[in-house]
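Just so you know, the sequences run in chain order A and B. Take the first sequence: its position 10, counting from 1, is numbered 290 in our numbering, and each next residue is one higher. Take the second sequence: its position 402, counting from 1, is numbered 408 in our numbering, and each next residue is one higher. Glycine included, C-beta positions come from ideal geometry on N, C-alpha and C.
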Amino acid sequence: MTFDNTIHSTSDKKCQACHPQSNEDHLSPSISGDARLLTKRGEDIGELREGRDETLKRQLHAHFLKLGCAGCHQEHRGHLHLADVADEHCSTCHSTIHEQISPRRFELNFANFGHHPEFALWRNPVKTTTVPAEELRESSPVKWEQDGPVDRSAIKFSHHRHLDPKLPMPGGKTTELSCVDCHQPEASGAYFRPLTFAQDCQRCHTLGFPSTGELPHSKPEIIRGILLDGLARNGDGKRPLPAAVDELGGPTKAPIAAIKADSDGRPSLEALQRDLEKLEQLLFAVPHSETSHERPRVAGLLEAACTKCHSTERTEKAGEAWRVIPPRLPEQWMNHSRFRHDRHSSVDCQTCHTRNGHRMDTEKREQFYPVLKEERRASPSIYASESARDVLMPRIEICRQCHGHGSAPGSRSVGDRCVDCHAYHHTPPTSEPRRGIEELLKADRRRGRAAKDVEPATKAGP
Amino acid sequence: MVWPRSPLLPKPSRWVRLVILGWIAVTVVFGMQILIGSQSGRSSRQPELVKEAKLPGHVAVLSGLRTQSCSTSNCHGSLTPDLREDAIRADEYFVWLNDPHAEAHRTLFGEKSRAIFQRLGLADEQLRPLEGQADRFHTQWTNCLACHETNSQLSLSAEATDHPAMSVAEGVSCESCHGNAQDWLHRHYRPEWKALSREEKRELGYIPGEDVAARTSRCVSCHVGSSGGDVNHDLIAAGHPALRFESVWYQSRLPQHWKPGRRAATERIAGQTQQPPDTATAHPTRDWLIGQLVTASASLEQLERRASGPSSLASWPEFAEDNCFACHHDLIGNSWRRDRGIPGLAALGSKKSRLSVPWGNWNLELIPILADQFGSRESQEFSVAFGRLRDSFGEGPEAVIHHSRVARSNLEAWLPTVSNLSESDATRMLQQIGQRAPERLISSWDRMATLVLGFAAPYHASHSIPEPLKFAMTRVRFPDDPTAFDSPRNFRSTSDEQPLTANQWIELLRQLSELVPED
């Protein structure tokens, strides 16, 4: 849906005609001490924020009165889209925001991209801004350790290994992967579709056993169910599992060995039970996977397999000794901004995505292989990234290689305006799904009905 | 073939029985030691190190890359084997899963292992450390993991515990035998890897499987012992099987995750040779001989570590160094060895020596005889050094360490000449041993059983075993009779079957020596 600014150009006084939900303070809910925080963080934080916010609210309210709606919402003046406003439009407030708002609630105090602070991802400590620091830390895809931020993905992955120009393939062959073999653009071209094991990994990392065939990348309970189902099917003698036959004459392979038949030629219940126990032992290590810290424990085959990529943790849940720590792979890093990868296709991925956010030296891919030498371990190159703990996002210095070089006024060649990356007063992401216009309307209708329903009762009152 | 799964190793429960029944014998020997001379010889005083030299341990420092790094389906974890003659199997991981080594870690949680910890007074039946025993428990647990979970420096997850490796996952895996892969993992699938020499690969940490000595040296790090893993007398007494390793025989029991003829097939296909595919058993007797030397070297190294004590694992004297059946035998019965007398007893009082437990174990019993028979300068030097080592036990641990180092050095000088031996020369040498010194051979079960395994080496892969060999293998079987706690059946029999006389053994040896294995 598009909005025609020309038609809707109006004066400040008429804004509420179309924006009835604008409160008089005209403040983002996240600033104004809101119900969301109360419900999310508890009353303590809400109360804490209540006192501090009063000052802020008063200051902002006064400032907005001075500016008027059109002071910011230029798109309603006529032909300008929000995405097309000059930096001065933002710097009206943000260049002196420290002076205007006290106590200090904003990290930002700049007039243009040249003064833009380092991206929040690379700043430490996390400060309370419009969102409490604790909440920011919780929602951030990184956590700070002694040497800097580390990715909280809870995944074990080596870009170095996978980008080996001679990656082994079946039959003694090798291949060379590139970024887009796994990171494939979404339809819009702006970002990338989420990575999935089945789509991006399983082609080379087959799961399963010779006797079971390929197994899905799924939760341990699902795998257990599939294997038990296989056993049961084997038990009825109709659809036996593929037998683990070594065509080279070696031993057959667990975990599901061929079940020995009874004298009548049918698999016996005892044999099934025995296989089940063996299976449980091998895959899930029951009953030796107790969670007592005092006692050594043995990990089952499945856990050992999962830990190739995942981290596991013990659980107190009955019948479940361990669980996979869910991976945290953000679909969009730096979600206070917007970015179009397709418009940056003229540069290589690794120009911006380095293992520590710093600019990459002119090192060739071959220099990192076959073995990563000690002197290259500190290289910013993604070819030196051996761990998924590396934060592979650029620092602002990388963007400034092209952006922010004082491009001539009116020049569009290399953009560096605020609105090139930022949406207007972009609110932090919430866990609540965004509501479209239809949902809003429905909600209004529901409210209206509710009001009608209540009305007769009111009339019937004393 | 009548050859039980573990013919030489008794079940632990049998050992326990053996220990209980043999306690009288042990007491007697201890008493004799006290009476005859605790002042000299193998003092229980903890010695100081002879010199600062750090004893080389066999425990491999692994990279921590577990099987997960190898078992990718593109590499060694394919769900289907590659049937091409000159290709690797590609499903090595799944073959390994069926290998006993893959079960090593789970063994620690079994009933017998838990019983060992209970007998050691370290843990309850659920492997929970007893109160006040946590540190001792973890010392012993780490000792176990050195061989039962060779990648134990890695824990599956960061647990709230001061002790690492409380989670064990995969037993004895790829790197344990193939070497620390840190520097070669990402080279070995590249075309240029094939151009590297064996030495160049070794420098990268790769242990070439086709090099018998190198391969066996990895085996003995656990099957004899290492600086971090020691199956000492305490552990054996608690129920751990005594370690009696023979490389060719043990290897023949493993599921093959390799293709024996792949290398030759590769060369043949490349047109380099017209020879038929080689096999892993092409030099079984020579490999057996190499195994004897490598095992003996590891055993001497272990002797030095134990004599160097004190440590949490090593103590001196360490009875696991000695012949088990010097103490653990019946005090009654009609053993012809009792009639023969105890070697060394006559020398009592004549020199510094005294009556003590005869030194010598499974790993070292046959090696001096092999050295004498081999007859090279290196082997003779080893033989002299080994004799001095044997005599040095009366002079204290420092002397033992010194003479052991000399002997080990001579052994290592001897090894290359053995490695160059042809199979026919190795077989001939074995036959001559059987013919020239039968009395020396039959006086010890360890010696005789080791030799029989040497004669059996060419037949491990065969379904037809010659009669005298089959008979000899049966006779050196460890007794499966609950009433017998002596060494092999019919060395001292309590069953209805009469023990072989010395002359019968000599005749059997003669028959074995006349066997000519088929090519």
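- The three-state reading of DSSP puts A:Phe-564 in helix, counting H, G and I together.
- Out of B:Gly-138, B:Tyr-195 and B:His-154, the CA that lies nearest to the CA of B:Cys-76 is found in B:Tyr-195.
- Under DSSP, A:Ile-435 shares a beta bridge with A:His-590.
- If the five residues before and after B:Gln-438 are omitted, its C-beta is found closer than 7 Å to the C-beta atoms of Gln-379, all from its own chain and listed in chain order.
- Residues of chain A whose Cβ lies closer than 9 Å to the Cβ of B:Ser-385 do not exist, since the nearest Cβ in that chain is about 38 Å away.
- Residue contact check for A:Phe-437 against chain B: no CB pair falls below 8 Å.
- Under a criterion of Cβ atoms nearer than 7 Å, the residues of chain B adjacent to A:His-485 are, in order, Thr-78 and Ser-79.
- Contact of B:Ala-96 with chain A is assigned, a C-beta pair being separated by under 8 Å.
- In the three-state reduction of the DSSP assignment, B:Thr-301 falls in the helix class.
- DSSP links B:Ala-129 through a beta bridge to B:Pro-135.
- CA-to-CA, the gap between A:Gly-684 and B:Phe-100 works out to about 57 Å.
- Counted as a single uninterrupted DSSP element, the beta strand (DSSP E) harbouring A:Pro-448 occupies residues 447-449.
- The beta carbons of A:Arg-639 and A:Glu-677 sit about 6 Å from each other, so the pair counts as a contact at 8 Å.
- The segment 202-209 of chain B and the segment 126-135 of chain B do not touch, with fewer than 3 CB-CB distances between them shorter than 8 Å.
- Within the segment 169-193 of chain B, those residues whose Cβ lies closer than 7 Å to any Cβ of chain A are, in chain order, Met-172, Ser-173, Val-174, Ala-175, Glu-176, Asp-189, His-192 and Arg-193.
- Residue B:His-154 holds the alpha-carbon nearest to the alpha-carbon of B:Glu-176 among B:His-154, B:Pro-197 and B:Cys-183.
- The Cβ atoms of A:Cys-462 and A:Asp-444 do not sit closer than 8 Å to each other.
- Short of 7 Å from the beta carbon of A:Val-627, and not among the five residues preceding or following it, lies no beta carbon of its own chain.
- For B:Arg-112, at least one C-beta of chain A is nearer than 8 Å to its own C-beta.
- Here A:Glu-583 is buried: its Cβ has 16 or more other Cβ atoms, across all protein chains shown, within 10 Å.
- For A:Ala-579, a Cβ of chain B is located within less than 8 Å of the residue's own Cβ.
- Looking at the DSSP output, B:Ser-173 shares a beta bridge with A:Arg-577.
- In the structure shown, B:Pro-197 adopts helical secondary structure according to DSSP, grouped into three states.
- With contacts defined as CB atoms closer than 8 Å, B:Thr-156 and B:Val-178 qualify as a contacting pair.
- Beta-carbon to beta-carbon, B:Asp-452 and B:Asn-367 are separated by about 7 Å, close enough to satisfy the 8 Å threshold.
- In this structure, B:Asn-426 keeps its C-beta atom at 8 Å or more from the C-beta atom of B:Glu-384.
- In this chain, the beta strand (DSSP E) harbouring A:Val-422 covers 422-425.
- In the DSSP annotation of this structure, A:Arg-483 is not part of any alpha helix (DSSP H), being labelled neither H nor E.
- For the segment 415-447 of chain A, residues whose beta-carbon sits nearer than 7 Å to a beta-carbon of chain B comprise Asp-444 and Lys-446.
- Ranked by how close their Cα comes to the Cα of A:Pro-606, the residues A:Phe-399, A:Phe-472, A:Thr-492 and A:Lys-499 have A:Lys-499 in first place.
- Runs of alpha helix (DSSP H) with 4 or more residues, each lying fully within the segment 602-647 of chain A, are found at 629-632, listed in chain order.
- For B:Ile-373 and B:Glu-418, the gap between their C-alpha atoms comes out near 13 Å.
- Beyond the five residues adjoining it in sequence on each side, A:Ser-661 comes within less than 6 Å, by CB distance, of Met-640 and Glu-643 in the same chain, given in chain order.
- Interface with chain A (8 Å Cβ-Cβ cutoff): B:Tyr-465 is excluded.
- Residues of the segment 643-670 of chain A that bring their beta carbon within less than 8 Å of a beta carbon in chain B comprise Tyr-649, Pro-650 and Val-651, in sequence order.
- The way I'd put it, the segment 481-488 of chain A does touch the segment 77-87 of chain B; three or more beta-carbon pairs between them come closer than 8 Å.
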